[in-house]
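For reference, the structure discussed in these notes is given below.
In our numbering, the protein residues as written are -14 to 96.
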């Protein structure tokens, strides 16, 4: 299904009936044009740079710093929640291991 369909006739180039030498020249010209377009795209500012430039115009640097710090605090909060649940799982594993050693019975001291 992923292989291209094979046809009995050669694929049309859209140029009409041209000689092999002319086709080679057309291909070289097309490749040169595409390489020039690619070089133009690569030499311009990247999307991230353009977006950063826009944000610098709209939002002061101090606000960016506050948002960055808020993001950090958010991640620290998530870390705290994850650490809490990891410790609960560890405690549950410890209790289960203790019960398994005792044969699953709980000892109650009577005074």
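We put the CB at the ideal spot given by N, CA and C, even for glycine.
Model, not experiment: these values are computed from the prediction.
Using the three-state DSSP reduction, which class does residue i fall into: helix, strand or coil?
i, result
"residue 91", "coil"
"residue 73", "helix"
"residue 31", "coil"
"residue 4", "coil"
"residue 44", "coil"
"residue 50", "helix"
"residue 18", "helix"
"residue 96", "coil"
Tell me the rounded alpha-carbon separation between residue i and residue j.
i, j, result
"residue 15", "residue 21", "10 Å"
"residue 4", "residue 28", "36 Å"
"residue 81", "residue 64", "26 Å"
"residue 68", "residue 58", "15 Å"
"residue 94", "residue 70", "31 Å"
"residue 19", "residue 44", "38 Å"
"residue 33", "residue 11", "36 Å"
"residue 100", "residue 66", "This structure cannot speak to residue 100, because the chain is shown only from -14 to 96."
"residue 53", "residue 46", "11 Å"
The ligand NAD and residue i: does the residue's C-beta get closer than 7 Å to at least one heavy atom of that ligand?
i, result
"residue 8", "Absence of the ligand NAD is noted for the structure shown, with no ligands found whatsoever."
Enumerate in chain order the residues of its own chain whose CB-to-CB distance from residue i is below 8 Å, with the five nearest sequence positions on each side excluded.
i, result
"residue 60", "none"
Can you name, in chain order, every residue of its own chain whose Cβ lies under 6 Å from the Cβ of residue i, other than the five neighbours on each side?
i, result
"residue 51", "none"
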